[in-house]
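Just so you know, the protein sequences line up as chains L and F, in that order.
Using the numbering used here, the first residue of the first sequence is number 13, and each one after it goes up by one.
Using the numbering used here, the first residue of the second sequence is number 13, and each one after it goes up by one.
Beta carbons: idealized from backbone N, C-alpha and C, even for Gly.
All figures in this text were calculated on a predicted structure; none of them were measured in a lab.
Number of protein chains: 2
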Amino acid sequence: MATVSEFLIERLENAGIKHVFGVPGDYVLDFYTKLWNSLKIKVINTTDETHAGFAADAYARINGIGCCCTTYNVGTLKVANACACAYAERSPVVVISGSPGMKEREEGHLLHHMVRSFNCQHDIFKNLTCASVVLDNQTTAGYLIDKAFESLQHYKQPIYIELPRDIANKSIVYDVYDQGTPQKSKSDPENLEESLSEVSAWINTAKNPAILAGVELARYGLQDRMVKFAEKLNIPVATTLLSKSTINETHPLFAGVYSGSASHEYTRRIVDGSDCLLMFGVMLTDISLNFRPSKFNKRQVVNVSVSGLQVRTHTFANVGFSDFCTLLFKSELGIHENPDIPVRKNKLVFTPKKNQAITTRRLFEKVNSVLDKNMSIVADIGDSLFGAGDLIVQNTNHFLSPAFYTSMGFAIPGALGVQMARPSVRPIVLVGDGAFQMSMTELSTIIQHNLNPIVIIMNNDGYATERLLRDGEFNNIRRWKYYKVVDLLDGGFSAEIRTEEDLDKHMTKALESKSLYILDVVLDGKDISDGMRRMADALSKRI
Amino acid sequence: MATVSEFLIERLENAGIKHVFGVPGDYVLDFYTKLWNSLKIKVINTTDETHAGFAADAYARINGIGCCCTTYNVGTLKVANACACAYAERSPVVVISGSPGMKEREEGHLLHHMVRSFNCQHDIFKNLTCASVVLDNQTTAGYLIDKAFESLQHYKQPIYIELPRDIANKSIVYDVYDQGTPQKSKSDPENLEESLSEVSAWINTAKNPAILAGVELARYGLQDRMVKFAEKLNIPVATTLLSKSTINETHPLFAGVYSGSASHEYTRRIVDGSDCLLMFGVMLTDISLNFRPSKFNKRQVVNVSVSGLQVRTHTFANVGFSDFCTLLFKSELGIHENPDIPVRKNKLVFTPKKNQAITTRRLFEKVNSVLDKNMSIVADIGDSLFGAGDLIVQNTNHFLSPAFYTSMGFAIPGALGVQMARPSVRPIVLVGDGAFQMSMTELSTIIQHNLNPIVIIMNNDGYATERLLRDGEFNNIRRWKYYKVVDLLDGGFSAEIRTEEDLDKHMTKALESKSLYILDVVLDGKDISDGMRRMADALSKRI
């Protein structure tokens, strides 16, 4: 007879979890021990719970599911922000928290880590998850765990599982509640057929159909089918910052990253100018529209996502995102003329100029020149993200950034998650000095597990995005000798980069190295990327 | 006519706020600018919002009120844990968060930093504050701010003020809602008189009355009156870990820190053996009872706190904590015989032994030998706290630690808050390697503002408390070259301490220095303090 802990661990294993990120604490210590000793799951201790959350999120984006495990309140409340990020951007993370035993809750004195009442933490996480359960007795625990996992799979959003420590070792009683898997919400067959036939006919008669590929395609494992569909019909595919790399960006049908008025001209022409824009799983965020009202004429749009299906001016109820996409992508439809996409050079050559101070533009040119299909980009917020929009990512799903929720401090713990999920891929981490100060301690965990991201610090002494919004002394960040972090952490390599030649030389070294390599790139405080420059005007009006 | 921002800033100033800790972000940028430019308030940017929360908490414990200011979700959710700590331990912190404008909320597209709905953050902070308000229009804003501040003053707990960015600059309209200050909840005069007369009579006839002084005395500014009362009656005063330093610990009436079975023998004798134990504002936490049921016989106890008044087996309703204490402390009562408190040496001499590896016990002996009334102790969690319980703190309210909520990572940002609130006092920070890794980035802010705490890292490669509970590899922490942190941060001094002579030499240097000084004290992984040893047995049974 399995205990509640064993049951939960088995469910994690079956769902595809091979790594759990966390920090041990007394209320979760018993479960943590069992997890640590499990054969199929490796537990990765992080330096802080905040980072365990982000690592689990990044891991989930690659692996299809992620998990973090922490103790009551003092640990789990630090996961709240990362959990919110995963919720907003549909990343399926299992948040497991230990908590006081049910018995000790009755004893009447104040237990450490308590806030107002024992259920505060649960009440908080209800706001940040698609399902949240407290395993408060052994009879319902199994049922609740399964219900929560089902919810995670359906919504691709985080779930919260609270395990009171005196329940962890109780034998699970499942039979009573084993009511079988609840009926999946199925699409209405008539609505599905009618909508497919309308959309198919429209695509066939459209002059210049185009796809705007959203992040939900990746979350529901539909991206490869979407690409084949685009190839079959010969229609262009644009993405958003949040869904960047849904299609390999060297693909001739890739039409660029759409960001409203901040897009490249050809991307805007293809997306805004399409007479039949197929939006698959797109989250229309302020950043994806460059902080302006949508330019889309709804008479030219099919918009299907987890939230519903809209075709021109009408909607179809009860049509599932996966059902619709799967069937549409199989349809036999006519071939379109070649779209008008400028030819891109895939491998740009970077020739360093002598004694030339490094600039943001040249930094991104250099990164573009070394990117290959075995490297991924993990971008933090600010110019790390806006600049990275123009990088040519050469493999599907090899770009990660919280481009909607935009929480600083994601990229370094994110790289930990990415490389745990995909050990053969080397992440290039783009991070500003502000976000580096928030999350640099996690480089320690990266060193401990012999991972080897190349971390590029865009060191411009401040919050560059905010300088555009409202300049002031408060946007300044005190400069550290960032390259000395390897001495403190006792691992990895680093270099201070001031010129193009420095960058060229040390990027070569970094690429040759099998260790963590940190490039402290000293930039002018006013220097910004081309991507941010295109956004600047709209940004500055948003205060 | 003041704007909502100006009104809020004026209320902060009037409440005694001189420093606000925060990180700017776009939704709060306009208010942040005004706060930055205010003449009476200095804004301290921290490296991370987590630390802004802890710094504000520590500041509030000294100053009577603290404040942090952050942006929507990505910033403020990181304050959740610190806010929970302040709630649990009654520290009055104003949590100010910017948020999307009321108008832009209606525009229909997804705004960055959003989670499920616009009110998620507010719903979360309802669990962590005694009052939470969203200033969603200029007509109610003033009233809501005043109500929230009133609540903070009454409960001495955090409040949450959310400021949508398009309301910040609107002129405040107050008149409509100016219903005058609501009636304060007053004590019932008959209950108050009756209870005072019963308690006074009892104290006069008791053989060995004793005071257990709780943290609420400090929060409500009653501690000095309590000490005078004890002196007048000649009765001993014990404290708890959470209220340690409510009385100057060199005071002859100080009877030690009470921690149930982990207390010193004489403290237990005085507290558990009293026939009239006066508990003033005590929070009876699991740690204060050493994780065991209370030994107090309620027939021997007067327990008055914010939660109510209990005398022996009966309770008095509607008797305010402040009202009762203020009147009792003024009463003319008889003098008692000298209590049986062992004579303590205040200034212990530390003579380093040659080539002797440093131990935890000797480390605390050294700290005790240098402590004076111009130094405070800021202790993180684990042996930093349990060991520090035995230090002799020579000034009122000069010991700080989240001894109930016990969140790691408090002490370094806490020292920032303490020294901002009390610049003439030098903090000695006790922090384990785990908590150091969580919060070391805030040393940068400490350097930036020329503060000079002495930071003692208890470097034992792991979570020492957890090793007692359940040992395993997961309790190990990867060792950094901690003393090199000053090179990375480019400020302060440091030394690696391996022997008693190292400690002696570098403590002298630290005391002479006017800068941040970090002592990386290398301890054996199994070595623990006397304080922790007294708790070990009870601790290990709590898993």
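With a threshold of 7 angstroms between beta carbons, residue 60/F makes contact with chain L.
Excluding the 5 residues flanking it on each side, residue 242/F has same chain C-beta neighbours closer than 7 angstroms at 223, 249, 265, in chain order.
Nearest Cα to residue 468/F within the set 539/F, 547/F, 375/F: 375/F. Beyond the five residues adjoining it in sequence on each side, residue 382/L comes within less than 7 angstroms, by CB distance, of 519, 523 in the same chain, given in chain order. Put simply, of 28/F, 37/F, 29/F the residue whose alpha carbon is nearest the alpha carbon of residue 393/L is 37/F. Against chain F, a Cβ distance below 9 angstroms from residue 170/L picks out nothing, because the smallest value is about 11 angstroms. In the three-state scheme derived from DSSP, where H, G and I count as helix and E and B as strand, residue 425/F is classed as helix. Taking each of 116/L, 122/L, 115/L, 95/L in turn and checking the Cα distance to residue 109/L, the smallest one comes out for 95/L. DSSP, reduced to helix, strand and coil, places residue 469/L within a strand of the structure shown. Sequence-distant partners of residue 246/L (beyond 5 residues in either direction) whose C-beta falls short of 8 angstroms from its own C-beta, in its chain, are 265, 347, 348, 349, 350, 351. Not a single C-beta of chain L is nearer than 7 angstroms to the C-beta of residue 307/F. Counting the other CB atoms within 10 Å of its CB gives residue 355/L a total below 16, which places it among the exposed residues. Residue contact check for residue 15/L against chain F: no CB pair falls below 7 angstroms.
Under the Cβ distance rule, residue 36/L counts among the residues neighbouring chain F, one pair being separated by less than 7 angstroms. In this chain, the alpha helix (DSSP H) harbouring residue 25/F covers 16-26.
Boundaries of the beta strand (DSSP E) around residue 438/L: 438-444. Beta-bridge analysis with DSSP links residue 291/L to 224/L, 315/L. Along the length of the segment 308-368 of chain L, whole beta strand (DSSP E) runs at least 3 residues long occupy 313-317, 320-323, 326-328, reported in chain order.
Between residue 107/L and residue 44/L, the C-beta spacing is not below 7 angstroms. In this structure, the beta-carbon distance from residue 216/L to residue 345/L falls below 7 angstroms. The C-beta distance from residue 317/F to residue 228/F rounds to 6 angstroms, short enough to fall under 8 angstroms. Between the beta-carbon of residue 65/F and that of residue 71/F there is about 11 angstroms, and that puts the pair past the 8 angstroms contact cut. For residue 57/L, the enclosing beta strand (DSSP E) begins and ends at 54-57. Taking one beta carbon from each stretch, the segment 505-521 of chain L and the segment 15-35 of chain F have fewer than 3 pairs nearer than 8 angstroms; the two do not touch. If you ignore the 5 residues before and after residue 527/L, its C-beta comes within less than 7 angstroms of the C-beta of 464, 504, 505, all in its own chain and listed in chain order. In chain order, 38, 41 make up the part of chain F whose C-beta sits under 8 angstroms from the C-beta of residue 481/L.
The criterion of a C-beta distance shorter than 7 angstroms is satisfied by residue 427/F and residue 390/F. Contact residues of the segment 508-536 of chain F toward chain L are absent (C-beta to C-beta distance below 9 angstroms). For residue 297/F, the nearest CB of chain L lies under 7 angstroms from its own CB, placing it at the interface with that chain. In the DSSP assignment, residue 372/L falls within the unbroken alpha helix (DSSP H) covering 372-382.
Across the segment 157-185 of chain L, CB contacts with chain F closer than 9 angstroms involve 177, in sequence order along the chain.
Under the three-state reduction of DSSP, residue 234/L is assigned to coil, being neither helix nor strand.
Taking 8 angstroms as the cut-off between beta carbons, the residues of the segment 43-76 of chain F near chain L are 44, 45, 48, 55, 57, 59, 60, 62, in sequence order. For residue 400/L, the number of other beta carbons within 10 angstroms of its own is at least 16, and it is reported as buried. Sixteen is the threshold: when 16 or more other Cβ atoms of the shown chains lie within 10 Å of the Cβ of residue 433/F, as they do, the residue is buried. At a cut-off of 7 angstroms between beta carbons, residue 319/F makes no contact with chain L.
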